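Enquirer:
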Amino acid sequence: MSAAGMAAISSFNALQIAQKKTVLSLAPIALQHCQYSSDVPRIIKNPTTTSLKRGTGGRSSFNGIVCTVFGNTGFVGRYLCNRLGKIGTQLILPYRGEHYNSMRLKLVGDLGQVLFHPFELTDEDSIRKCIKYSNVVINLIGQDWETKNFKFDDVHVDGARRLARLSKEAGVERFIHLSALSCSPNPEPILLPKGSQFFRSKWEGEQAVREEFPEATIVRPATIYGQEDRWINVYCRFMRRHLKGTALWKKGEKTEKQPIWVGDVAGGITTLVRDPSTAGKIYQFAGPQRYKLGDLVDWMNHWIRKNADDYGYRRLDIKNCPFFKLKVSICEAISPGRPLGHLHWEGLEKEHTSDILVQDLPTLEDIGVYPCTMESRIAWELRPYKLEAHYMETVGEFQDPDPPKPLSTNIA
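With UniProt numbering applied, the sequence shown closes on residue 412, and no number is skipped along the way.
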C-alpha cells in the first residue's frame, strides 16, 4: 500500500478514537437539549447508544424517548401519538381486543419507531412487557360509563394504581396520568343523588397514582372537544334532542364550561414529556375563554342552521321533560355496554358539572402552550352537522352567528 493510503487510514482511525473519547467524556452528563423554548435539558440516567438522540429532528429521527401510551386508541390518544411521533419519539402502543383498532397509528412514526403489544389491564405480566424498555409511560385509559366487566373504580383507580406501581418497579423515569378538571372526592349532586361517580373515581385515581409514583405528572383537562369527541357530537345528534330542542339542567344557565381543543391537550402533554422539570406537578388544561353551557348549545345550533326561527330550536329544562328522562333510561338499559346515542345519566351528570380551576395549580400557559379559541375551530368541527349539508353555499351567503359572551374565569 502506498504511503498516502497508510496516512489516510491512520488519520481515519485517529478520528474514530477521538469521537469515542468525546462520547465517553459526555456520557456521565448526557444532557439532551430539546427543540422547544419551553423545554429544559433532559438528564439520561443510564446513557447508552439507544438513549441518545439521533437525526436532525422529525419523524425519521429519534429523540431518545421511548414512550408507552396506554389508551392510545382513544380520543386524546390518537392526537397525542401523532404529536409524539412528529418529534421522533419511539412509541410502544399496547392494545386489547382487535389489534386493527391500534394499527392505524403505525403511520404516526417512521418504520420501526411504532411498536405494538397486546395487554390486559388486569394482567401485570403483559403490562411489564409493554413498559420494559420505556423511559416514559402515559396513562390515558378511561371510560365514560360503567360496563359489566369494568366499573369506574376498576379503570380509574385500580388500573391507574397498577400502571403506576409497575412503572415504578420497572425504573420508568416519567409517568404522566390523565385525570379530569372537575374531579372531586365529593362531587356536587346535580341529576344523580351521589353526584358524578366519574369525577369521584378520577380523584381517587390521582391519589392512587401519587401513592405509587410520587414523581408522576397529573393532567386535569377541562371539557375536550374535537371531531371525534363525545360532547359536540352528542349535542348535535338527534338522540340528544327533545321536541326539536335541547333539554338541559336549569336550561344551561347554572353550568359553566371552559372547553379546550383536543390538539392543545395533545400538545401540552407532549411538552410535559420533553420537560423533566414538570415531574411531580398537577397541571390544568383549559381553554382561553369560559362560557355558559346554554349559550354554547345555542351557538352550536345556530352554526348548524337549526335555530329558533327556521327550525324551531329552543332550550328546555330537564325537570319539565319526563319523556326525555324516559328516553335516557331506555337508552341506558337496552345497551349498557355502549349507551345508545351516548345518552346516559352519568353522561348528563358530567356534562352539567362546571369546569373549575384551582388557583395554585399551573396551566397550559405556564409550560408555553397557548390554546386556540373555540371561535377559530367551531366552523370546522360542526361542518358535518349542518342542516342540508349537501348544499355548497358560496362565501358569505350565510352570516356566521356571533359567539357567546365569555364569562370571567372561575377559580376555586
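For each residue, glycine too, the CB sits at the ideal point set by N, CA and C.
Keep in mind it's a predicted model, so treat the numbers as computed, not measured.
Is the stretch 85-104 touching the stretch 284-298 in the sense that three or more CB pairs, one from each, lie closer than 8 Å?
Expert: no
Enquirer: Do Gly55 and Gly97 have their CB atoms nearer than 8 Å?
Expert: no
Enquirer: Just the Cα atoms here: how many angstroms apart are residue 417 and Asp264?
Expert: The structure shown does not extend to residue 417, since the chain is modelled only from 1 to 412, so the question has no answer here.
Enquirer: Expressed to the nearest angstrom, what Euclidean distance is found between the alpha-carbon atoms of Gly171 and Ser134?
Expert: 9 Å
Enquirer: Among all the DSSP beta bridges, which residues are the ones paired with Gly58?
Expert: Paired residue(s): none; Gly58 is not in a bridge.
Enquirer: If you draw a straight line from the alpha carbon of Glu204 to that of Gly195, how long is it in whole angstroms?
Expert: 15 Å
Enquirer: So Glu367 and Thr270 are supposed to be a Cβ contact under 8 Å. How far apart are they, rounded?
Expert: First, the amino acid is wrong: residue 367 is Ile here, not Glu. Not a contact, Cβ separation roughly 10 Å.
Enquirer: Decide yes or no for the touch test of the stretch 215-227 against the stretch 252-262: beta carbon pairs closer than 8 Å, at least 3 of them.
Expert: yes
Enquirer: Would you identify the three-state DSSP class for Pro384, choosing helix, strand or coil?
Expert: helix
Enquirer: Could you tell me the alpha carbon to alpha carbon distance between Lys168 and Tyr291, rounded to whole angstroms?
Expert: 40 Å
Enquirer: Tell whether a beta-carbon distance below 8 Å holds between Lys386 and Ile304.
Expert: Yes.
Enquirer: Note down, in chain order, each residue of its chain lying with its Cβ closer than 6 Å to the Cβ of His344, except the 5 sequence neighbours on either side.
Expert: Trp145, Glu332
Enquirer: If you scan the stretch 108-137 from start to end, which runs of the alpha helix (DSSP H) of 4 or more residues do you find wholly inside it?
Expert: 124-131
Enquirer: Pull up the distance between the alpha-carbon of Pro371 and that of Leu93, whole angstroms please.
Expert: Answer to the nearest angstrom: the Cα atoms are 27 Å apart.
Enquirer: Say whether the stretch 225-239 touches the stretch 381-396, bearing in mind that this needs 3 or more beta-carbon pairs closer than 8 Å, one atom from each stretch.
Expert: yes
Enquirer: Is the distance from the Cβ of residue 441 to the Cβ of Glu381 below 8 Å?
Expert: Absent from the structure is residue 441, since the part of the chain shown begins at 1 and ends at 412.
Enquirer: Measuring only between beta-carbons, confirm whether Gly245 sits less than 8 Å from chain B.
Expert: Among the chains in the structure shown there is no chain B, since it carries only a single protein chain.
Enquirer: Is it true that the CB of Gly294 sits closer than 8 Å to the CB of Leu248?
Expert: yes
Enquirer: Give me the residue from His342, Asn320, Leu316, Asp317 with the minimum Cα distance to Val328.
Expert: Considering only alpha carbons, the answer is His342.
Enquirer: How is Met6 classed by DSSP in three states: helix, strand or coil?
Expert: With a pLDDT of only 49 at Met6, under the threshold of 50, the placement of this residue in the model should not be trusted, and no figure is reported.
Enquirer: Using 8 Å as the threshold, is the stretch 179-194 in touch with the stretch 147-155, meaning 3 or more CB pairs across them?
Expert: no
Enquirer: Using a Cβ-Cβ cut-off of 7 Å (strictly less than) and excluding sequence neighbours within five positions of Asp355, which residues of its own chain qualify?
Expert: Leu181, Ser182, Ala222, Thr223, Glu256, Lys257, Gln258, Ala286
Enquirer: Taking Gly252 as the reference, which of Phe198, Asn301, Ile318, Gln207 has the closest Cα?
Expert: Ile318
Enquirer: Nearest by alpha-carbon distance to Pro214: which of Gly77, Val76, Ile282 is it?
Expert: Ile282
Enquirer: Taking the straight line between their C-alpha atoms, what separation do you get for Gly337 and Val395?
Expert: 44 Å
Enquirer: Ends of the beta strand (DSSP E) at Arg237?
Expert: For Arg237, there is no enclosing beta strand (DSSP E), as DSSP gives it neither H nor E.
Enquirer: Buried or exposed for Ser179, going by 16 or more other Cβ atoms inside 10 Å?
Expert: buried
Enquirer: Is the beta carbon of Arg162 sitting closer than 8 Å to the one on Glu124?
Expert: For Arg162 and Glu124, yes; Cβs fall inside 8 Å.
Enquirer: Do you know whose CA, among His352, Gly109, Val108, lies nearest Lys250's CA?
Expert: When only C-alpha atoms are compared, the closest one is His352.
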